[in-house]
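One structure below.
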Amino acid sequence: MNVLIAYASVHGSTASIAHRIGEVLAGHGERTEVRPMDELGDGVHGHDAFVLGSAVHEMTWLPPATEFVSRNRDVLADRPVWLFSVGMPAALREPWRRLAPKEESDITEPLLRLLTPEGHRLFSGVIRPEHLPRSGRLMFKALGFRYGDYRDWDDVRRWAEEIARSLAADRRGAAL
Ligand SMILES: Cc1cc2nc3c(=O)[nH]c(=O)nc-3n(C[C@H](O)[C@H](O)[C@H](O)COP(=O)(O)O)c2cc1C
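Okay, here's the thing in structure tokens:
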């Protein structure tokens with residue numbers, strides 16, 4: 004299948020996760036294209052399946068990502084679509100960490116009005132002091148959050164392998 008892995012990223016961690024997903028799917032025999040969403044117009048018709056991801060800012064997808072979904076909702080409506088978000092749940096300490104499931108539903112709620120994905124994952128990315136304005140750094144410190152690279156590559160691989168299995172099952176179903 005032709006799988007488009009499209010992403011919106013500011014500091015690169017969402018892009019790196021998108022590329023890793025692309026590598027895993029390619030390793031399972033899929034034809035993959037990994038592209039930033041703001042370089043893709045509505046030229047998505049040639050793809051059979053989609054994996055779409057965005058960095059999370061203020062508990063929502065970045066504008067290029069929500070715009071991409073709105074612009075292409077007709078094509079996305081009748082092909083399998085997986086979504087992933089990259090935030091910083093792993094950087095949080097208790098009690099904030101308990102809010103991660105709530106954040107996940109806040110992130111997906113507007114997206115689910117536009118499409119019906121096969122699944123959604125909230126991954127942790129990279130958060131560095133230089134990514135935040137001064138006010139954000141002060142709040143980050145006051146709440147006891149920790150800077151770092153929280154990407155969990157095994158988790159990303161496992162999720163991509165689930166997608167690969169689902170695509171293979173679709174293919175087998177289509178061949179019957
Ligand atoms: C201005 C700003 C706002 C952010 N807001 C959130 C947020 O609301 N929720 C969250 O989980 N992560 C938030 N983050 C963390 C980022 O989503 C995280 O660092 C992610 O790895 C960034 O992805 P990128 O490297 O692809 O830009 C924020 C980061 C920045 C810089």
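Count along the sequence shown from 1, add 3, and you get the number used in the working numbering. For every residue, glycine included, the Cβ atom is placed at its ideal position computed from N, Cα and C.
Who are the near neighbours of residue i in its chain, counting only those whose CB is closer than 7 Å to its CB and skipping five residues on each side?
i    : result
F143 : L135
V47  : L7, N75 and V78
Can you grab the Cα-Cα spacing for the pair residue i / residue j, in whole Å?
i    : j    : result
E70  : E42  : 12 Å
E61  : E97  : 19 Å
E26  : Y153 : 20 Å
N75  : W99  : 35 Å
L146 : D109 : 21 Å
A80  : L118 : 6 Å
P67  : V13  : 11 Å
V37  : F53  : 10 Å
F168 : G15  : As written in the sequence, residue 168 is Arg, which differs from the Phe given in the question. Spanning the two alpha carbons is a distance of roughly 27 Å.
Using a threshold of 7 Å, is the CB atom of residue i nearer than that to any non-hydrogen atom of ligand 1?
i    : result
M62  : yes
H14  : yes
E112 : no
A58  : yes
I166 : no
P98  : no
E106 : yes
Which residue's Cα is closest to the Cα of residue i: the options?
i    : options                 : result
A21  : L170, D158 and R82      : D158
G128 : G90, F53, R160 and A163 : G90
L65  : T111, S138 and T35      : T111
E164 : R23, P67 and R175       : R23
Within its chain, find whatever has a CB closer than 6 Å to the CB of residue i; leave out the 5 residues flanking it on each side and keep chain order.
i    : result
L86  : L55, P120 and H123
A171 : none
Would you say the beta carbon of residue i comes nearer than 7 Å to a heavy atom of ligand 3?
i    : result
I130 : What this structure holds is ligand 1, not ligand 3.
Output needed for residue i: all residues of its chain with C-beta closer than 8 Å, excluding positions within five of it in sequence on either side, in chain order.
i   : result
A29 : T35
Length at least 4, wholly inside the region 67–144: the alpha helix (DSSP H) runs in chain order: 76–80 and 103–115
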